[in-house]
Structures are given as C-alpha cells and as structure tokens.
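One point on numbering: in this note's numbering, the residue at position 67 of the sequence shown is 98, and numbering is uninterrupted.
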Amino acid sequence: MTLTRLLEINLQLIRDEDDRGLQLAERVWRLQGAPSEAQALTDTIERCLRKCTEEGIPYPPILLKRKKQIERGAWLPRTKSDSGSSDSLASEGNPNCPRCNGSGLVLIENGSHATMCECNKWMRSPRLQ
32 MTLTRLLEIN LQLIRDEDDR GLQLAERVWR LQGAPSEAQA LTDTIERCLR
82 KCTEEGIPYP PILLKRKKQI ERGAWLPRTK SDSGSSDSLA SEGNPNCPRC
132 NGSGLVLIEN GSHATMCECN KWMRSPRLQ
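Below you can see the structure in the form of structure tokens.
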C-alpha cells in the first residue's frame with residue numbers, strides 16, 4: 032500500500048512540480064507507520080504539509096483537499112474490509128504483483144524515488160472518483 036493509493040490520488044492529474052512534495056509525503060507517511068485510520072491519517076497529512084513548507088517544497092493540493100475531506104467526513108480511506116468486492120480490486124491493478132502490489136509504482140532508495148512497474152499498471156487509467 033502506498034499513500035497515493037490509500038488517498039486514491041490519480042497520478043495522471045499530478046503536476047510535475049508536485050512530484051517532490053508527493054515523494055516527501057510518502058516518506059513521512061511511512062515513517063509515521065503508514066496510518067489509515069482517519070485521525071492518524073489527518074495528523075500525518077498535516078505533518079507532510081508542514082514538512083513540505085519547512086523544506087520549501089510545494090505540496091500537492093490534493094493532500095490538503097483530502098485532509099479537509101477527512102476532517103469533514105466527506106471522504107474516508109477504504110480499508111481492506113471496505114474494498115472486499117472483486118471489481119474494486121480489479122480497477123486498482125493487480126494486487127498480486129510482487130513488485131508494486133497493484134500501485135504501478137515501485138519504490139526505490141528507501142521510498143525517496145519510484146519507478147514504473149513491469150506489470151504496466153501505470154499505463155491503465157486509474158479509477159476516477
């Protein structure tokens with residue numbers, strides 16, 4: 032599981048200038064124990080936003096949007112028990128891919144970079160919500 036997958040971020044809509052902020056957010060999220068519970072996730076996203084600001088890296092606006100949506104209860108991350116239907120798993124890629132777990136990205140250098148997975152999930156359009 033990656034932060035972008037948990038937050039259901041469509042990577043095709045991410046601008047190039049937001050890529051560094053997303054990579055930093057991924058690292059912070061992993062260092063915080065990869066939380067998926069609403070309160071812990073909003074705290075971690077807030078920490079990501081502050082870290083980006085401290086380091087002078089523009090943060091992706093989707094992080095702030097998801098944080099506000101979670102706080103209002105307008106959006107919640109799906110847990111494994113929520114996404115038990117086969118059609119939701121099929122639209123997110125092959126969860127059996129040993130390299131990317133269906134995200135289409137393989138993290139390298141301790142999660143500071145990512146490369147495209149050989150399963151070619153990155154070529155398929157992610158589900159829009």
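C-beta: ideal position from N, C-alpha, C; glycine also.
Remember, predicted model here, so these are calculated numbers, not experimental data.
- A distance below 7 Å between beta-carbons, with the five flanking residues on each side excluded, links I139 to the following residues of its chain, in chain order: A145 and T146.
- Note on G64: under 16 other CB atoms within 10 angstroms of its CB, so exposed under the neighbour-count rule.
- In this structure, the CA atom of Q70 is about 25 Å from the CA atom of D50.
- Restricting attention to T84, L94, G87 and R46, the CA atom closest to the CA of E57 is found in L94.
- L53 is the residue among L53, S134 and R61 whose C-alpha sits nearest the C-alpha of T84.
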